[in-house]
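Everything below concerns the one structure shown next.
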Amino acid sequence: MKVLIAGGAGYIGSTIASACSDAGIIPVILDSLVTGRREFAAGREFYEGDIADGPLVNRIFAEHPDIGAVIHCAALIVVPDSVADPVGYYRANVVKSLEFVAHLLRNRCERFIFSSSASIYGAGADLTVDENSPIDPQSPYARTKAVCEAMFADIAATQPIRVLSLRYFNPIGADPKMRTGLQLAKPTHALGKMMQAQEQGTPFQVTGTDYPTRDGTGIRDYVHVWDLAAAHVAALGRFDTLLAPAGTSAVINLGTGTGTTVRELLDTFNSVVSPPVQAQDAARRPGDIAGAYTRIDRAKRLLDWQPQYGIVESIRHSVEWASIRDQVLS
Ligand SMILES: NC(=O)c1ccc[n+]([C@@H]2O[C@H](COP(=O)([O-])OP(=O)(O)OC[C@H]3O[C@@H](n4cnc5c(N)ncnc54)[C@H](O)[C@@H]3O)[C@@H](O)[C@H]2O)c1
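One gets my numbering by counting positions in the sequence shown from 1 and adding 2 to each.
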């Protein structure tokens, strides 16, 4: 079987491509390279272009009639940019996704997996969420994901396509074989900031120490990107059982089931690197939230999946990837 991966030259999509390939599923990549990297598509069936480009999508299906499913990872993902340019974000993430699905329907694609995000959830009182928790996106980016989910569910209700939305928590790490990883030199998530602080020998700013968490710092559910990719392979294998009747859609959270605070992340980071990074307490950043982690019962039950990597390996793989990234990305 072949799988079309839109956004397959990006961080998560390229990892999914490797996991599919290792499992004997041939990935076909469609990516505009707006943020993705040509190097991540090297050696693969690769189409450079936009998901909204109908003739291109037609050509991909004509040249690969054995594509059995589509994984849609193509999106713009920077929250502050989405606040500054909501029109651009709704166009990129919602309008183009709608066009893409129309192209897929025309090409009789029946299996569709959508990269959704934990950022669509409202904050729960006990800091945990599951798939039934209230949806309350806090940024234009997060809202584009919630809108897409709802739009795809409406389409799946009456059109011959079934949709599985996978809500990712906080992906970190890299392909354990170091084929791909985060393409950015300066990631803005907490682990990225710790790595920069370590490189520069400066303290790491703990932004927000008065959240209602066990140590006052923000809490996240850091999931290894390879585990995320493995969940997609599991979803492809079980798709027809999971979404048996036509007219169905489903959502599944993908996280570890464990919350890690910023201080805990820093302690673990310091157990992996040398010299350690000092912490410096600082005020909350506007827009930041206490955070949440997921209950993973549904992923276990429906996908027979659970994460294989803990936080130590996730950090180790991120650090290892950062040390070779400039050689891999010319
Ligand atoms: N990274 C995270 O923390 C995170 C968390 C939850 C969900 N997600 C979702 O996972 C998906 C992948 O994210 P990522 O971290 O790999 O980001 P990324 O920027 O590395 O990958 C996105 C890829 O999509 C491509 N792309 C964007 N718009 C396109 C278009 N119109 N046509 C063709 N290609 C296009 C980009 O070039 C890039 O290769 C996104 O949908 C994102 O919303 C990411």
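Note that CB positions come from ideal geometry on N, CA and C, so glycine has one too. These figures come from a predicted structure and were not determined experimentally.
DSSP, read as helix, strand or coil, puts P277 in coil.
Checking the 7 Å criterion, the Cβ of Y170 is within range of a heavy atom belonging to ligand 1. Counting only the Cα atoms, A21 lies some 6 Å from A232. Considering only T260, S276, A44 and V81, the residue with the shortest C-alpha distance to V321 is S276. Around the beta-carbon of T219, 16 or more other beta-carbon atoms lie within 10 Å, marking it buried. I69 is the residue among P57, T37 and I69 whose C-alpha sits nearest the C-alpha of P29. Membership of A127 in any alpha helix (DSSP H) is not indicated, and neither H nor E is assigned to it by DSSP. In this structure, D33 sits away from A25, with a CB-CB distance that is not shorter than 8 Å. Judged by DSSP secondary structure, L244 falls within the alpha helix (DSSP H) whose first and last residues are V227 to L244.
Rounded to the nearest whole angstrom, the CA to CA distance from A77 to A144 is 11 Å. CA-CA distance, G249 to Q161, rounds to 7 Å. When the Cα atoms are used, I137 and A294 turn out to be separated by approximately 13 Å.
Cβ neighbours of L331 within its own chain (closer than 7 Å, five residues either side excluded): R39, E41 and Q185. When the Cα atoms are used, I221 and T243 turn out to be separated by approximately 34 Å. Pairing H319 with F241, the inter-Cα distance amounts to about 30 Å.
Not a single heavy atom of ligand 1 lies less than 7 Å from the C-beta of P277.
With at least 16 other beta carbons inside 10 angstroms of its own, E151 counts as buried.
Secondary structure at N255: strand, using DSSP grouped into helix, strand and coil. DSSP places Q329 in the helix class (H, G or I) of the three-state scheme.
Relative to G289, the option among P139, V165 and W228 whose CA is nearest is P139.
The residues M180, in chain order, have a CB closer than 8 Å to that of I326 in the same chain once the five nearest residues on each side in sequence are set aside.
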